[in-house]
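Structure record follows, encoded as structure tokens.
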Amino acid sequence: MRAVGGFIVTRVFVPRDAAALAVGADAVAAALAPHAQVVRTGSRGLFWLEPMIEVETQSGRIAYGPVSAADIPALLAAGLLEGHATAHRLGNPADIPFLRRQNRLTFARCGEIDPLSFTDYRAHGGMTGLDRAYAAGPAATVQTVLDSGLRGRGGAGFPTGIKWKTVADAKGPRKYIVCNADEGDSGTYADRMLMEGDPFTLIEGMAIAAFAVGAAKGYVYTRSEYPHAIATFDAALAIARREGLLGAGFDIEQRVGGGAYVCGEETALLESLEGKRGQVRAKPPLPAHQGLFSRPTVINNVVTLASVPAILRDGAKAYHALGFGRSRGTMPIQLAGNVRNGGLFEVGFGVTLGELVNDIGGGTRSGRPVRAVQVGGPLGAYFPPSLFDTPFDYEAFAAKDGLIGHGGVVVFDDTVDMARMARFAMEFCAAESCGKCTPCRIGSVRGRETIEKIIAGHEVDRNLEVLRDLCHTLRFGSLCALGGFIPYPVLSALEHFPDDFRRLAHPDARRNAA
Amino acid sequence: MPLLQETDYGTPAVTEGEAVTLTIDGQMVSVPAGTSIMRAAMEAGIKVPKLCATDSLNSFGSCRLCLVEIEGRSGTPASCTTPVAPGMAVHTISDKLRRLRRGVMELYISDHPLDCLTCSANGNCELQTAAGEVGLRDVRYGYEGANHLSAPVDASNPYFDFDPSKCIVCSRCVRACAEVQGTFALTIQGRGFESKVAAGMDEPFLTSECVSCGACVQACPTATLMEKSVVEMGQPEHSAVTTCAYCGVGCSFKAEMRGDQVVRMVPWKDGKANHGHSCVKGRFAWGYASHPDRILKPMMRDKISDPWRETTWDEAIARVARDFKRIQAEHGKDSIGVITSSRCTNEETYLVQKLARAAFGNNNTDTCARVCHSPTGYGLKTTFGTSAGTQDFDSIEHADVVMVIGANPTDGHPVFGSRLKRRLRQGAKLIVVDPRRIDLVRTPHVAASYHLPLRPGTNVAVLTAMAHVIVTEGLVNEAFVKERCDMQAFADWAAFVAEPRNSPEALESHAHVPAALVRGAARLYATGGNGAIYYGLGVTEHSQGSTAVMAIANLAMATGNIGRPGVGVNPLRGQNNVQGSCDMGSFPHELPGYRHVADDGVRAIYEKEWGVALEPEPGLRIPNMLDAAVEGSFRGIYIQGEDIVQSDPDTQHVTAGLAAMDCVVVHDLFLNETANYAHVFLPGATFLEKDGTFINAERRINRVRKVMAPRTGFADWEVTQAISNAMGYPMHYTHPREIMAEIARTTPTFAGVTYEKLDEESIQWPCNGAAPDGTPVMHVNGFVRGKGNFVVTEYVPTDEKIGPRFPLLLTTGRILSQYNVGAQTRRTANVVWHQEDVLEIHPHDAQERGLNEGDWVRLRSRTGETTLRARITDRVAPGVVYTTFHHPMTQANVVTTDYSDWATNCPEYKVTAVQVSPSNGPSDWQVRYTALAAQSRRIAEPEDAGD
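So the sequences go chain by chain: A and B.
First residue of the first sequence? That's 94 in the working numbering, and the numbers climb one at a time after it.
First residue of the second sequence? That's 215 in the working numbering, and the numbers climb one at a time after it.
Here it is as structure tokens:
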């Protein structure tokens, strides 16, 4: 509550995150506008509760959700602005179990502040990381990131500090910071949420990177399917320039992709940024040596770069203290698909898949038993409940022929046909292949065709052998992770759900189906 | 020689870098750091299967056949994209790799037609080879799946087909178009399985930006891009390395043959001028050699109004000797002469000038180089001491600033143009001095830092103004000048150029180039690192052509840009053997090696060698011969391989001269325009039909090899020898190597040249005791003449001035697909790109005259008029019009004037004051000439035809 022109006006926080907008947040804001001061924020990531609004009261912010515009008159009448109890009242957001169980570092401000208020950003601890970096110097900044154990959150999990050190040590007058915001994995939205909900964190992270390696120019490559993120981030860039965060020594330009999944692959992204066809480059040379326009380039994912300010602010030790095994710090895990409590859950590595799906996610939205979970986007493996004891950790997932990727978790109930999911994987690969390397260009199409033959019950054993051979070719022969990882969903489906591939294997079954 | 198969190392050679030792399949290999594993393996004799890699292109890593295993590293990296590292242990074969490669190949073949036996690449297909190498035995996917087998063939290009059903999308064609040719006409369109090679915006090859250089065809590992000649004739079975007979770049080609027929000409990777690249002319436009217009039997007639009558060689030679001897008896020994050709071999040219000097007893020899690069010879000899360019073509790899003046390399010297563009894409800066906005000014990934669109005829003004900037702004390389140049000459020159009247500002009104551009260009050239100048006929074919060449030499000396790789003064020679024909003593005042006929010592060498006394006075130049003919004192001429009616200026004066002669002997492939005025026609042999040598623009002596017997019965040198013998001066050569031996014996710069050496590798002269392996870069430790000589270059405007009657300036040039007078290229499918000469005119000038695109226009100068169609374009500045001279119907030289270079008589082709007006048909001259040509070309039926 605050006094405006002699009136007491209550502040109500309404998300402007795309996930909230999709379920009517703008209408809710409009309905509230005559009665309260509406502040638009990012989302806290409790998507099943969106639109989730928060009322500023004497005893802190009180959340309500999900609310619709139609609910507003009744809510107002019931004392919404005073924080009174209603059926929608969720209480203090920090006490909502889904949030309480998290360890929010990277997303600490997301949903809390007006994403385009630089004052709010500073008031909530923003800019401290950059100040610490300036004070420590470039080499110490690189060392801090190295010591924190931060690994690339885009999926590859490569140690960020090593990448930065390579670029810092590279000779040459011109270096670049490139942020990969081409978030294309199914069931992921962390990058988008951050760019819509706390864009200055990303800008600060890039500024720290630029200072650490000696770059003067940064690019953010954002997927075209994120219009709100694009607009918010552009607005944030303008503010950051006005506030002096960008400008003289370092500036950032946002570029929008053309709708190709493969441009999330770092070298294809660089090609696209250069104005060329988004086609994967062979490595070496590594982007750290010859990246954008053949200059040494740090290319990191949004979450990676956005994690850096907190690391610099709190120190490497504090970050490293969180996590599991060689996976240090927190990971914003994104629950999606057929899950009751869908949303973003930032937590230290080590939480098990079962905890995520059943305890945190609350099982399926349909109420039916969970049959499979795909972790790590369309290239990730399908895990059955028997593997739910797998801790969320790069190495633990790799040991079970899976990957955590960008942290997407997509839940399926027992109605899923895993042979069709395997077919979809190949179809996805075929649709998104850049076409450069042979295994991916032709193999994905042959993979889809072969699985279709299997589904149709045509020479199932022989075609399963062909499929396994093809997956071997794709896995070890592809130029990039798209073709290289597409065997994960296919082989995991085959491994864990073999019966789905044999439904029409027997002649009788085919006859019945016909 | 059996079919030459060059080894493909997969990735380009790395020349610099410390040696790295590794083991590949247990074998120790040492290669320079940066070398790919693939190349290292290949150099050790281990062939890793590959499809997308080829050593003319950067590695790409797409086919995934060349995967290897490296001890201590995970995965299976591609050997083409992975550089070697010290101590690395590589395995190119294992069960895993075998399985992977078969897997990849199985995918390829699942989308490839199974028509090997009827495929044009059968027996020479990399896909077929690779399938064999990986042991593919089965395609388990079947053939009912998605595929590209019904993709339609694009046969639009006259020389090659594009059959996308056979394409494996390796991108070699796309990369060749980009990396080697630099045209960027090809792309991969679509993505994933829909990825396909597309020309331009998915157009037919013919109408796309494709320049038909053949690099894509060369790069294609399958029959997707295939020469139509191979489709028709089958794969070649033997080959010989020879030299292209088109421009002065001097590309080496493999003539790939079946029997005595050429199947295709393939650029030779070891060719020192072209390194495996080619252009549409050398690569494809050789069909003129078997064109029905070729004359294969000698012909004679009494009067030029008579029809031709076929005859025997003996009769024809006897007639020539009889007529020439009679003319000399009646009009004196100076009444006949010869014109040598820059198209023929050195040996042939040498013999023709020897014929004049030894058999005719006069110095009446001149060459078509008179009308192109004679100012180069004069200018560079005066300043540096040698009548030749200073560099090899490889020098461009080290240039930082390139100044192109009066040359259009992407059209005129396309293979060098591609190398230049590649260097520019690597970051070298470009200055273009040209009245037209030539392609180089802005072409994909290349943009000139400066384009000085000067008014035709003002080269000297602009070059002197650049010198003014360099001198007055303290940009002279004083250390170089002090050490290497004549200081008195420098001081005189510096004082001259520093005069305010030579400033860019003062000359702006003449040259029409903003002074700031001239200043910027001069600063860039002087301070931008290695500065290299390349120039063409836009410099020489002016009344101040020699002055401009010397102005260029002055700039290079003043900035120290002489004597090392990356710099220099480089004339881009128009024809295949301009350099050689000049070297061989074709000019009336010079014996071979540019030694004056007045020099008793030099004459003594030849008098001893030839056994005759030689005239110490220079003979007649071509224009003087023609003048003397009109006047009646010059009455017989032997013209080998040149068409002076079409190529020399002021056509009506040329024809008047020829018509006045008693015996005109034309020795050529075709009944050219000059033959319309000839009494004896001796059929010539093409470059495919004889042995010999050409010398290219970089002084490189390249072997020309006979790949088929002369279709006429005799190589040209044999014909010249027969004339000489019939004239009573005996010559007894049995092979051109004997002629070269004589050249080497008598000419110091060629002293070390032998066919034995040339058969090993081409040589750049000087090649002698001091430089037994030849001389890639000249003037390295000092100028040939001693001290570099600065020459004052006073700008004198040409007398050819615009006025109310002739308000426009015409300048001329050539186009990529056509060559010179077009005698060859017009008799190939190249005409699809350029069927007629057109007049480029600025929209403003067109508007003023009410002209529309494609209109017939009359082009008139004070000497004559012709008609052609207009092309409206702002490539030319207002006030300037431009055309080519490839087609005899246009006869652009009807309008050019008799003005010429003050020093060498090189015609002022590049500046003619003209008027352009609408027209509704050919000019009277064209009508008359066409009728005369038809009349003159008649060939009588053999009298015994009825038997």
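Don't be surprised by glycine CBs; every beta carbon is placed ideally from N, CA and C.
Check each candidate in B/1127, B/419, B/1058 and name the one with the smallest Cα separation from residue 367 of chain B. Stepping through the second sequence from its first residue, residue 367 of chain B is reached at position 153. Each of B/1127, B/419, B/1058 was checked against the Cα of residue 367 of chain B, and the nearest Cα belongs to B/419.
Taking one C-beta from the region 332 to 345 of chain B and one from the region 433 to 441 of chain B each time, how about it: are there three or more such pairs within less than 8 angstroms? A contact exists between the region 332 to 345 of chain B and the region 433 to 441 of chain B.
Residues within the region 515 to 535 of chain A neighbouring chain B, beta-carbon criterion of under 9 angstroms: 522, 523, 524, 525, 526, 527, 528, 529, 530, 531, 532, 533, 534, 535
Give a yes or no on contact between the region 561 to 568 of chain B and the region 793 to 805 of chain B, applying the rule of three or more CB pairs nearer than 8 angstroms. yes
Spatial distance of residue 493 of chain B from residue 865 of chain B (CA atoms): For the purposes of this step, residue 493 of chain B is taken as residue 279 along the second sequence, with counting starting at 1. For the purposes of this step, residue 865 of chain B is taken as residue 651 along the second sequence, with counting starting at 1. Cα to Cα, residue 493 of chain B sits roughly 31 angstroms from residue 865 of chain B.
Buried or exposed, going by whether 16 or more other CB atoms sit within 10 Å of the CB of residue 475 of chain B? As a working note, residue 475 of chain B is residue 261 in the second sequence. With fewer than 16 other CB atoms across the displayed protein chains lying within 10 angstroms of its CB, residue 475 of chain B is exposed.
Kindly indicate if chain B contains any beta-carbon less than 8 angstroms away from that of residue 94 of chain A. Here residue 94 of chain A is taken as the residue at index 1 of the first sequence, counted from 1. At residue 94 of chain A the pLDDT is 48, less than 50, meaning the model places this residue with poor confidence and gives no usable figure here.
If we ignore side chains and look at the alpha-carbon of each, how far apart do residue 485 of chain B and residue 945 of chain B end up? Translated into positions along the second sequence, residue 485 of chain B becomes position 271. Translated into positions along the second sequence, residue 945 of chain B becomes position 731. Spanning the two alpha carbons is a distance of roughly 33 angstroms.
Proximal residues, the region 264 to 288 of chain B versus chain A, C-beta separation under 9 angstroms: 265, 266, 273, 274, 275, 276, 277, 278, 279, 281
What residues from the region 323 to 354 of chain A come within 8 angstroms of chain B, judged by C-beta to C-beta, listed N to C? 353
Distance cutoff 8 angstroms, beta carbons only. Does residue 416 of chain B sit that close to anything in chain A? The sequence position of residue 416 of chain B within the second sequence is 202, counting from 1. It does not; no Cβ of chain A falls within 8 angstroms.
Reference residue 361 of chain B, options B/392, B/326, B/331, B/349, closest by Cα: Position 147 of the second sequence, counted from the first residue, corresponds to residue 361 of chain B. Taking each of B/392, B/326, B/331, B/349 in turn and checking the Cα distance to residue 361 of chain B, the smallest one comes out for B/326.
For the region 398 to 484 of chain B, list the beta strand (DSSP E) runs that are entirely contained and at least 3 residues long, ordered along the chain. 400 to 403, 410 to 413, 439 to 441, 452 to 457, 466 to 472, 475 to 481
Find the nearest neighbour of residue 609 of chain B within the set B/541, B/947, B/633, judged by alpha-carbon distance. To locate residue 609 of chain B, count along the second sequence from 1; it is residue 395. It is B/633.
Report all residues from its chain with a CB closer than 6 angstroms to the CB of residue 986 of chain B; omit the five preceding and five following residues, and keep chain order. Residue numbering aside, residue 986 of chain B sits at position 772 when the second sequence is read from its first letter. For residue 986 of chain B, where only same-chain residues beyond five positions count, the Cβ hits under 6 angstroms are 966.
Using the Cβ count rule (16 or more neighbours within 10 Å means buried), how would you classify residue 1133 of chain B? Along the second sequence, one-based indexing puts residue 1133 of chain B at 919. The residue in question, residue 1133 of chain B, is buried, as its Cβ has 16 or more Cβ neighbours within 10 Å.
Using a 10 Å radius around the Cβ and a threshold of 16 neighbouring Cβ atoms, would you call residue 1161 of chain B buried or exposed? Working through the second sequence from its first residue, we reach residue 1161 of chain B at position 947. Residue placement at residue 1161 of chain B cannot be trusted, given a pLDDT of 42 that sits under 50; what the coordinates show is reported in the next sentence. Classification for residue 1161 of chain B: exposed.
Three CB pairs or more closer than 8 angstroms across the region 911 to 920 of chain B and the region 459 to 477 of chain B: These segments touch.
Would you report the Cα separation of residue 186 of chain A and residue 152 of chain A, rounded to the nearest angstrom? Taking the first sequence and counting its residues from 1, the one referred to as residue 186 of chain A is at position 93. Taking the first sequence and counting its residues from 1, the one referred to as residue 152 of chain A is at position 59. Distance between the alpha carbons of residue 186 of chain A and residue 152 of chain A is about 12 angstroms.
Report the neighbours of residue 539 of chain A on chain B: residues whose CB is nearer than 9 angstroms to its CB, in chain order. Indexing the first sequence from 1 puts residue 539 of chain A at position 446. The contacting residues are 320, 321, 324, 325, 355, 359, 360.
Step through the CB atoms of chain B and report whether any lies within less than 8 angstroms of the CB of residue 570 of chain A. Here the question's residue 570 of chain A lines up with position 477 in the first sequence. At a cut-off of 8 angstroms, the C-beta of residue 570 of chain A has a neighbouring C-beta in chain B.
Does the beta-carbon of residue 266 of chain A have 16 or more other beta-carbons within 10 angstroms, so that it is buried, or is it exposed? Mapped onto the first sequence, residue 266 of chain A falls at position 173. Residue 266 of chain A is exposed by the Cβ-count criterion.
Nonlocal neighbours in the same chain, by C-beta distance under 8 angstroms from residue 738 of chain B, ignoring five residues either side: Counted from its first residue, the second sequence places residue 738 of chain B at position 524. Excluding positions up to five away in sequence, the list reads 615, 643, 645, 663, 664.
Report yes if the C-beta of residue 653 of chain B is less than 7 angstroms from at least one heavy atom of the ligand PLP; otherwise report no. Because no ligand of any kind appears in the structure shown, any question about the ligand PLP cannot be addressed here.
Just reading off the alpha helix (DSSP H) that residue 506 of chain A is part of, what are its end residues? Within the first sequence, the letter at position 413 stands for residue 506 of chain A. No alpha helix (DSSP H) contains residue 506 of chain A, which is instead part of the beta strand (DSSP E) from 501 to 506.
Got a sec, what are the start and stop residues for the alpha helix (DSSP H) residue 684 of chain B sits in? Reading the second sequence from its first residue, position 470 is the one you call residue 684 of chain B. Looking at the DSSP string, the run of the alpha helix (DSSP H) that includes residue 684 of chain B is 673 to 686.
Taking any Cβ of chain A, which residues in the region 1014 to 1036 of chain B have a Cβ under 8 angstroms from it, in chain order? none
For the region 786 to 854 of chain B, list the beta strand (DSSP E) runs that are entirely contained and at least 3 residues long, ordered along the chain. 850 to 854
CB contact flag (residue 1122 of chain B, residue 1014 of chain B, <8 angstroms): On the second sequence, position 908 is the one that residue 1122 of chain B refers to. On the second sequence, position 800 is the one that residue 1014 of chain B refers to. Yes, the Cβ-Cβ distance between residue 1122 of chain B and residue 1014 of chain B is below 8 angstroms.
Report the three-state DSSP secondary structure of residue 556 of chain A (helix, strand or coil). Along the first sequence, read from residue 1 onward, the residue named residue 556 of chain A stands at position 463. Three-state DSSP puts residue 556 of chain A in a helix.
Kindly indicate the opening and closing residues of the alpha helix (DSSP H) around residue 711 of chain B. On the second sequence, residue 711 of chain B is found 497 positions in, with the first residue counted as 1. 701 to 712 is the span of the alpha helix (DSSP H), which, as asked, contains residue 711 of chain B.
Would you identify the three-state DSSP class for residue 1160 of chain B, choosing helix, strand or coil? Walking along the second sequence from the start, residue 1160 of chain B turns up at place 946. With a pLDDT of 41 at residue 1160 of chain B, under the threshold of 50, the predicted position of this residue should be treated as unreliable, and no value is reported.
Local conformation of residue 94 of chain A per DSSP, three classes: Counting from 1 along the first sequence, the entry for residue 94 of chain A is found at position 1. Because the pLDDT at residue 94 of chain A is just 48, under 50, the model does not fix this residue reliably, and the value given afterwards should be weighed accordingly. Residue 94 of chain A falls in the coil class under three-state DSSP.
Residues in the same chain with beta-carbon distance under 6 angstroms from residue 318 of chain B, minus the five sequence neighbours each way, listed in chain order, please. Residue mapping note: residue 318 of chain B aligns to position 104 of the second sequence, counting from 1. Within the same chain, residue 318 of chain B has close Cβ partners 278, 279.
Can a CB atom of chain B be found closer than 8 angstroms to the CB of residue 565 of chain A? For this step, residue 565 of chain A is matched to residue 472 along the first sequence. For residue 565 of chain A, at least one C-beta of chain B is nearer than 8 angstroms to its own C-beta.
Exposure of residue 395 of chain B, with buried meaning 16 or more beta-carbon neighbours within 10 Å: Position 181 of the second sequence, counting from 1, holds the residue named residue 395 of chain B. Answer is buried; the Cβ neighbour count reaches 16.
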